[in-house]
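Chains as they are written, first to last, in our numbering: chain A, 1 to 288; chain U, 1001 to 1288.
A virtual CB, placed ideally from N, CA and C, is assigned to each residue, including glycine.
Please read these numbers as outputs of a predicted model, since none were measured by experiment.
Structure record follows, encoded as structure tokens.
Protein chains: 2
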Amino acid sequence: MLIGALEAGGTKFKCAVAISSGEIMKSVVIKTTTIEETMQKVVNFFLPYHIEDLGVGCFGPISLDKKSKFYGQILDTPKEKWKYYDIYNYLKDKLNCNVYINTDVVTSAYGEYYFGFNSLYKNILYFTVGTGIGVGVIYNGNVLQGNHHTEMGHITINREKNDDYLSTCEFHDNCLEGLASGNSLDNRYNLTYEQLENREDILRQEAFYLAQGIYAYVLAFAPDKVIIGGGVSHQKKLIPFIREEFKKINNGYFHYPLLDDINNFIVEPKLKDDSGLYGAIALAVKKL
Amino acid sequence: MLIGALEAGGTKFKCAVAISSGEIMKSVVIKTTTIEETMQKVVNFFLPYHIEDLGVGCFGPISLDKKSKFYGQILDTPKEKWKYYDIYNYLKDKLNCNVYINTDVVTSAYGEYYFGFNSLYKNILYFTVGTGIGVGVIYNGNVLQGNHHTEMGHITINREKNDDYLSTCEFHDNCLEGLASGNSLDNRYNLTYEQLENREDILRQEAFYLAQGIYAYVLAFAPDKVIIGGGVSHQKKLIPFIREEFKKINNGYFHYPLLDDINNFIVEPKLKDDSGLYGAIALAVKKL
Chain A
1 MLIGALEAGG
11 TKFKCAVAIS
21 SGEIMKSVVI
31 KTTTIEETMQ
41 KVVNFFLPYH
51 IEDLGVGCFG
61 PISLDKKSKF
71 YGQILDTPKE
81 KWKYYDIYNY
91 LKDKLNCNVY
101 INTDVVTSAY
111 GEYYFGFNSL
121 YKNILYFTVG
131 TGIGVGVIYN
141 GNVLQGNHHT
151 EMGHITINRE
161 KNDDYLSTCE
171 FHDNCLEGLA
181 SGNSLDNRYN
191 LTYEQLENRE
201 DILRQEAFYL
211 AQGIYAYVLA
221 FAPDKVIIGG
231 GVSHQKKLIP
241 FIREEFKKIN
251 NGYFHYPLLD
261 DINNFIVEPK
271 LKDDSGLYGA
281 IALAVKKL
Chain U
1001 MLIGALEAGG
1011 TKFKCAVAIS
1021 SGEIMKSVVI
1031 KTTTIEETMQ
1041 KVVNFFLPYH
1051 IEDLGVGCFG
1061 PISLDKKSKF
1071 YGQILDTPKE
1081 KWKYYDIYNY
1091 LKDKLNCNVY
1101 INTDVVTSAY
1111 GEYYFGFNSL
1121 YKNILYFTVG
1131 TGIGVGVIYN
1141 GNVLQGNHHT
1151 EMGHITINRE
1161 KNDDYLSTCE
1171 FHDNCLEGLA
1181 SGNSLDNRYN
1191 LTYEQLENRE
1201 DILRQEAFYL
1211 AQGIYAYVLA
1221 FAPDKVIIGG
1231 GVSHQKKLIP
1241 FIREEFKKIN
1251 NGYFHYPLLD
1261 DINNFIVEPK
1271 LKDDSGLYGA
1281 IALAVKKL
């Protein structure tokens, strides 16, 4: 029996059918356009495989309260057309299958936990640094989920002394997303990630900001691994800088064996850009 | 059958025997002195009751890894005499009973969850603002515990513009504990909590710092309640100020019904100064 996996993103939808070991048998990438067009293509892809279980990692926020009638519905997203779209029930009905849905970042975190690191590390923080910044938490081998989705990208951080740039977050003058997201970098410097390679000053500042967010949540979860994914992490120099800034902030205070081995503690995703797609497979395999 | 409860603090040890409803039948407060003297008094208190289960909330850090041979042992504490003291096995052996141990702040959080709010709210953040600053998390009705104790009091925060005070944390120039703990307040102003009543400037700054830490962890856990305990919270004006600063920082961004009702969201402990003692009872009742 094939398992379905969908990573629903703002620019593209990735669909795959896979076996439970995670081996992908067939996949397709669909450009995100209107709801009707995009979702029709998604359904057309999956229909022939008669899947029973579909995992979905979806851009958010989405309702994750199983007792709510809005469960699995996209909520107040900046993607106007998709606001309040009930992706969960649409897929359930059209494909006549079980749907296991979570946010994109939590799904990616779970993909890294389950397939990326073979469930070896039970406590994982997954940061995605793309257009926005999000954090997914795997806690004792399970997805961390309170009553409400979380918003760790909006933590208050300390600016560098001479940084008086206007935050791109319309709510917060000094939040991580407003100062360090891909969106913020684009607005400030208008450089592609590749072009940042020779701008160590920018990368150092980016690393300093990200390290503060990482540090705050490492203090809270004492994770086994911190994974940095998303577009910004494609810049190869960034993660080494983040490690340095993290060490500076920590200054030897918090330590345990996995944290102390910093090069294996703050790492890039094992699954590269497919953490989310594999995460969706994992959600379906584990029926989460 | 009576249940034993011990709140082991740096200045005093509170001991109680109670029934499972939380009704305390007998209690005693012992001044913390040497290990030998203090622990002998603790044992003398409990021995006559032949308890089977003892809950312990202990100043830390303590080892909470059940697979470790150091489990329940006090680790690298500034209280030199108590460093590496195996309080867990001592109590287990001398009282011949089951011992359920956790850190003081987590035990307090659990006390508020279980007895304070009658398990009505499954996700609780408990901040203790005393000599130091600690945070205990109840997540889906359970104690949050990864592989290692957490250290949320050391989150990096933004200083107020003209605050160039030297942090009391020897590791961090800008951490919450270093700038906003009771220790830091004492060092800066040499005023008792009562005397702070007419120093709204100090209380506002304190609230601004605490609100940043609270905000960061509200974003992570989306809790049902945030409880502010510890000595500093005795200053009655503080919590209203914290609510104001929290609202300013959030600026309407993160919202859900429990958070939006801010006066019932950021609150003082229901159990006043006995969160830890009741928490210890609860640990033993639930055999955690």
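- Relative to the Cα of I1249(U), the nearest Cα in the group Y1217(U), Q1235(U) and C1169(U) belongs to Y1217(U).
- Of all alpha-carbon atoms in M1001(U), G1022(U) and G1153(U), the one lying nearest the alpha-carbon of L219(A) is that of G1153(U).
- The Cβ-Cβ distance between K26(A) and A16(A) falls below 8 Å.
- For E1007(U), the uninterrupted beta strand (DSSP E) run begins and ends at I1003 to A1008, by DSSP.
- Under the 8 Å criterion on CB atoms, Q1073(U) is classed as non-interfacial with respect to chain A.
- Here DSSP, grouped into helix, strand and coil, assigns S1181(U) to coil.
- If the five residues before and after P1269(U) are omitted, its C-beta is found closer than 7 Å to the C-beta atoms of E1112, G1116, I1227, G1229 and S1275, all from its own chain and listed in chain order.
- Contact annotation: F1221(U) and N1123(U) have beta-carbon atoms nearer than 8 Å.
- In the structure shown, the three-state DSSP call for I1062(U) is strand.
- Check the Cα spacing between V135(A) and each of Y90(A), V105(A), T192(A) and D163(A): the tightest is with V105(A).
- A residue is called buried when at least 16 other Cβ atoms come within 10 angstroms of its Cβ; D1093(U) does not meet this threshold and is exposed.
- In this structure, DSSP gives N190(A) a state outside helix and strand, which the three-state scheme calls coil.
- Distance from N174(A) to R159(A) at the Cβ level is roughly 6 Å; contact confirmed, criterion being Cβ atoms closer than 8 Å.
- Restricting attention to L1258(U), A1180(U) and S1068(U), the CA atom closest to the CA of G1132(U) is found in A1180(U).
- With contacts defined as CB atoms closer than 8 Å, Q1145(U) and L1064(U) qualify as a contacting pair.
- Under the Cβ criterion of 8 Å, L1179(U) is not counted among the residues facing chain A.
- Our two residues, R204(A) and L196(A), have alpha carbons roughly 11 Å apart in a direct line.
- Following the DSSP letters along the chain, one finds A1222(U) in no beta strand (DSSP E), marked with neither H nor E.
- The Cβ-Cβ distance between G1022(U) and C1097(U) does not fall below 8 Å.
- Bridge pairing for N118(A): absent [DSSP].
- In the DSSP assignment, T1107(U) falls within the alpha helix (DSSP H) that extends over D1104 to G1111.
- Within the same chain, Cβ atoms closer than 6 Å to the Cβ of G141(A) are found at K122, the five residues on either side in sequence being excluded.
- As the crow flies, the alpha-carbon of L191(A) is around 12 Å from that of Q235(A).
- In the DSSP assignment, K1026(U) falls within the unbroken beta strand (DSSP E) covering I1024 to K1031.
- In the DSSP assignment, K1069(U) falls outside any beta strand (DSSP E) and carries neither an H nor an E.
- If you look at Y1278(U), you'll find it in the alpha helix (DSSP H) that goes S1275 to V1285.
- For Q212(A), the nearest beta carbon of chain U is closer than 8 Å to its own beta carbon.
- Under DSSP, V56(A) takes part in a beta bridge, and its partners are L6(A) and I101(A).
- Near chain A, meaning a CB-to-CB distance below 9 Å, the residues of the stretch 1141 to 1160 of chain U are L1144, Q1145, G1146, N1147, H1148, H1149, T1150, E1151, M1152, G1153, H1154, I1155, T1156, I1157, N1158 and R1159.
- Non-local C-beta neighbours of Y139(A) in its own chain, meaning closer than 7 Å and more than five positions away in sequence, comprise N123 and F221, ordered along the chain.
- Looking at the DSSP output, V137(A) sits in a beta bridge with L125(A).
- Taking C-alpha positions only, E1194(U) is separated from T1128(U) by approximately 18 Å.
- Taking all protein chains shown into account, T156(A) has 16 or more neighbouring C-beta atoms within 10 Å of its C-beta and is therefore buried.
- When the beta-carbon positions are compared, P1223(U) and L1125(U) come within less than 8 Å of each other.
- In the DSSP annotation of this structure, the continuous segment of the alpha helix (DSSP H) that includes F241(A) starts and ends at L238 to N250.
- In the three-state reduction of the DSSP assignment, I228(A) falls in the strand class.
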